[in-house]
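Have a look at the structure below before the remarks.
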Amino acid sequence: MKVITIKQPWASLIAYGYKRYEFRSWKTNYRGPIYIHAGKGVDKTAMKDFEYLNIDYPKSKIVAQVYLEDCVFIDSKVDDKLKKENKKLYSGHIGNYAWKLSGVKKIKNNRHINGQLGLWNIEDL
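Count along the sequence shown starting at 1, add 2, and that's the number in the working numbering.
Following this line, the structure appears as structure tokens:
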């Protein structure tokens with residue numbers, strides 16, 4: 003199955019259903035199921051911004067399975083639409099790609115897994 007490694011708190015925000023888009027500087031033609039892997043990296047500023055949610059932020063673990071529905075280039079029109087949905091989560095990504103995620107299934111997995119760059123594959127959990 004395909005996997006994408008994402009820093010915390012972003013990985014957990016996806017797993018708990020708060021974040022429906024992942025942002026990347028590169029586009030993918032892949033559509034389908036994908037695991038969300040919480041890497042060992044942390045966005046410290048964002049962690050402070052979202053600590054009030056009181057959710058788990060594991061590192062080096064698969065935290066969710068989602069469906070990668072679409073990959074859209076972010077121009078000013080798309081950026082405006084995303085900001086209307088949630089300015090705190092979706093601001094400042096013009097020129098990048100929004101990966102639209104749906105069908106979130108949170109996964110409780112204690113297995114330590116090293117992340118990788120780009121989309122990568124894993125055989126089983």
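The C-beta atom is built at its ideal place from N, Cα and C for all residues, glycine as well. Given the structure is predicted, the values throughout are model-derived calculations rather than measurements.
Look at S104 here: in three-state DSSP terms it is strand. Approximately 6 Å separates the beta-carbon atoms of L70 and W101; this is inside 8 Å, confirming the contact. Under the 10 Å beta carbon count, L103 is surrounded by 16 or more other beta carbons and is classified as buried. With a threshold of 16 other beta carbon atoms within 10 Å, L55 falls short and is exposed. In this structure, Q10 sits away from K83, with a CB-CB distance that is not shorter than 8 Å.
Proximity to D72 across P35, K86, K108 and Y59 peaks at P35, based on C-alpha coordinates.
Under DSSP, E125 takes part in no beta bridge, so it has no partner. Setting aside the 5 residues that flank it on each side, R33 is surrounded in the same chain by L70, each with a C-beta closer than 6 Å to its C-beta; the list follows chain order. Counting the other Cβ atoms within 10 Å of the Cβ of R113 gives fewer than 16, which makes it exposed. Under the DSSP assignment, T7 falls in the beta strand (DSSP E) whose first and last residues are K4 to Q10.
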